[in-house]
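Q: Counted the way the UniProt record's numbering counts, the sequence shown spans residues 1 to 153. We treat Cβ as the ideally placed atom computed from N, Cα and C, and that holds for glycine.
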Amino acid sequence: SWSVLGNAYLCQFFMVAQEQATLKLCMSAYKQAEQDPIAKGQPDLYYNKGIALKYDECYEEALESFDYACRLDPPWKPPKQELATLVQYLNGTNELVRTKGKIKTKKLQQMVQSIDKKMLGMYAPDVLHTFGSRRNVSLEQTRIDSLQVGSNE
Numbered sequence: 001s002w003s004v005l006g007n008a009y010l011c012q013f014f015m016v017a018q019e020q021a022t023l024k025l026c027m028s029a030y031k032q033a034e035q036d037p038i039a040k041g042q043p044d045l046y047y048n049k050g051i052a053l054k055y056d057e058c059y060e061e062a063l064e065s066f067d068y069a070c071r072l073d074p075p076w077k078p079p080k081q082e083l084a085t086l087v088q089y090l091n092g093t094n095e096l097v098r099t100k101g102k103i104k105t106k107k108l109q110q111m112v113q114s115i116d117k118k119m120l121g122m123y124a125p126d127v128l129h130t131f132g133s134r135r136n137v138s139l140e141q142t143r144i145d146s147l148q149v150g151s152n153e
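This is the structure in structure tokens:
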């Protein structure tokens, strides 16, 4: 079944190499499993899908999957725990971004200015990268508050 294939890809992601391509295959299999009327009602499908989405950093969809797994099987604790943990993580992350890590402005500026370009390694400004089908992409340093949802080109 598609659900089993998705689980196999999820295991491969954790046990072999945490590669984006493996997560994409995993998500594709779970999407196919959702078309199956029997698998569609299985809470473990949505729990495992939520785990994959969490590691793919698709947090909103992960929350929805964990929530749906909770609704399909209310007494089952793992999706509730994952949901609570992810909400706590996201709230904490939002708080740290909002308060700039609770670091005073002067100290933050000193830290940013002390970053040597050599320390950025493969993320240095003059290094070209390949992302999917896009080749020769140059990265540039920017402020977090200037980033937007989606692609930042």
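Would you mind sorting Ala62 into buried or exposed? The rule is 16 or more other CB atoms within 10 Å of its CB.
A: By one-based count along the sequence shown, residue 62 stands at place 62. Its Cβ being crowded by 16 or more others within 10 Å, Ala62 is buried.
Q: Among the candidates Ala52, Ala39, Asp36, Tyr47, whose CA atom is the shortest distance from the CA of Ala21?
A: As a working note, residue 21 is residue 21 in the sequence shown. When only C-alpha atoms are compared, the closest one is Ala52.
Q: Checking the sheet assignment: what are the DSSP bridge partners for Ser138?
A: Residue 138 sits at position 138 when you count from the first residue of the sequence shown. Per DSSP, Leu128.
Q: So what does DSSP say about Asn152, is it helix, strand or coil?
A: For the purposes of this step, residue 152 is identified with residue 152 of the sequence shown, where counting begins at 1. When DSSP states are grouped into helix, strand and coil, Asn152 belongs to the coil group.
Q: Spatial neighbours of Tyr46 within its chain, please: CB distance less than 6 Å, with the 5 preceding and 5 following residues excluded, ordered by chain position.
A: Your numbering for residue 46 matches position 46 in the sequence shown. Once the five neighbours on either side are set aside, the close Cβ partners of Tyr46 are Ser65, Tyr68, Ala69.
Q: Figure out for me which residue from Tyr30, Gln12, Ile115, Lys54 has the closest Cα to the Cα of Gly6.
A: What you label residue 6 is simply residue 6 of the sequence shown in a count that begins at 1. Selected option, being the one with the closest Cα: Tyr30.
Q: If you measure between the beta carbons of Leu10 and Asn48, is that distance less than 7 Å?
A: Here the question's residue 10 lines up with position 10 in the sequence shown. Here the question's residue 48 lines up with position 48 in the sequence shown. In this structure, the beta-carbon distance from Leu10 to Asn48 falls below 7 Å.
Q: Do Asp56 and Leu23 have their beta-carbon atoms positioned less than 7 Å apart in this structure?
A: Counted from its first residue, the sequence shown places residue 23 at position 23. Counted from its first residue, the sequence shown places residue 56 at position 56. In contact: Leu23 and Asp56 (Cβ atoms closer than 7 Å).
Q: For Lys54, which residues of its own chain have a beta-carbon under 8 Å away from its beta-carbon, when the five flanking residues on both sides are left out?
A: Here residue 54 corresponds to residue number 54 of the sequence shown, with the count starting at 1. Residues of the same chain with a CB within less than 8 Å of the CB of Lys54, apart from the 5 flanking positions on each side, are Ala62, Glu82, Leu86 in chain order.
Q: Suppose the cutoff is 7 Å on Cβ atoms and the five residues either side in sequence are ignored; what does the same chain contact list for Ala124 look like?
A: Your numbering for residue 124 matches position 124 in the sequence shown. Hits under 7 Å: Lys117.
Q: Quick check on Arg71: does DSSP put it in helix, strand or coil?
A: For the purposes of this step, residue 71 is taken as the residue at position 71 of the sequence shown. Three-state DSSP puts Arg71 in a helix.
Q: Go ahead and label Ser114 buried or exposed: buried means 16 or more other beta carbons lie within 10 angstroms of its beta carbon, across all protein chains shown.
A: Mapped onto the sequence shown, residue 114 falls at position 114. Answer is exposed; the Cβ neighbour count stays below 16.
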